[in-house]
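Student:
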Amino acid sequence: MRGPGVLPRTPGRPETRTRRERFDDLVLAVVEEVDGRWADRLGTVEYAVEDTPHVPDDWDSPDVPLGSAVRGTGGEPSRVVVFRRPIEHRAETRSELDALVLTVVVEQVADLLNVDPSVIDPRYDADDD
1 MRGPGVLPRT PGRPETRTRR ERFDDLVLAV VEEVDGRWAD RLGTVEYAVE
51 DTPHVPDDWD SPDVPLGSAV RGTGGEPSRV VVFRRPIEHR AETRSELDAL
101 VLTVVVEQVA DLLNVDPSVI DPRYDADDD
């Protein structure tokens, strides 16, 4: 069988959301919750999702980064980036994916604020890594 299983309501746009769109929605939900609680201390932060991290050629760690945080300088805002493919690769179920995205976002925000991740969100559990 070829073609969509469901005819789209809008021609040219799939009826079901892509994996990337679902992941973006998950990250956005976590970011809105965490940033909403800490916006007064965080200031302006740009959040992004990238497929994979760009690691230097001399990267010698066996671990692939799941996220990144860069403090803003001068007029530049701080940035938090979540890397989709490494996170999806580690999560076997939807609940694991949800927990891992929460963990990554909380760790990056905690890094920006120089606090323990459990302060940012009480659901954070470092033993889940």
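Quick note: the sequence shown uses UniProt numbering, first residue 1, plus one each step. All residues carry an ideal CB built from backbone N, CA and C; glycine is no exception. Here the structure is a predicted model, which means the values were calculated and not measured.
1) Could you give the DSSP three-state label for Arg19: helix, strand or coil?
2) Where does Val27 sit, in a helix, a strand or coil, going by DSSP?
3) For Ala48, list the residues DSSP reports as bridge partners.
4) Considering only the alpha carbon of each residue, which of Tyr47, Val104, Val27 and Glu92 lies closest to Pro65?
5) Grouping DSSP H, G and I as helix and E and B as strand, with all else coil, what is Gly67?
6) Helix, strand or coil: how does DSSP classify Glu92 here?
7) What span of residues does the alpha helix (DSSP H) with Val119 cover, start to end?
8) So, at 8 Å on beta carbons, what are the nonlocal neighbours of Pro86 in its own chain, with the 5 sequence-adjacent residues on each side left out?
9) Name the residue from Leu112, Pro11 and Arg123 whose alpha carbon lies nearest to the alpha carbon of Asp40.
10) My understanding is that Val49 touches Val27, with C-beta atoms under 8 Å, so please give their C-beta distance in whole angstroms.
11) Using three-state DSSP, classify Arg123 as helix, strand or coil.
12) Hey, out of Arg19, Leu42, Tyr47 and Gly43, whose CA is closest to Val30's CA?
13) Is Gly43 helix, strand or coil when you go by DSSP?
Tutor: Based on what the coordinates show:
1) helix
2) helix
3) Val81
4) Val104
5) strand
6) coil
7) Pro117 to Ile120
8) Thr52, Pro53, Val64, Pro65 and Leu66
9) Leu112
10) 5 Å
11) coil
12) Tyr47
13) coil
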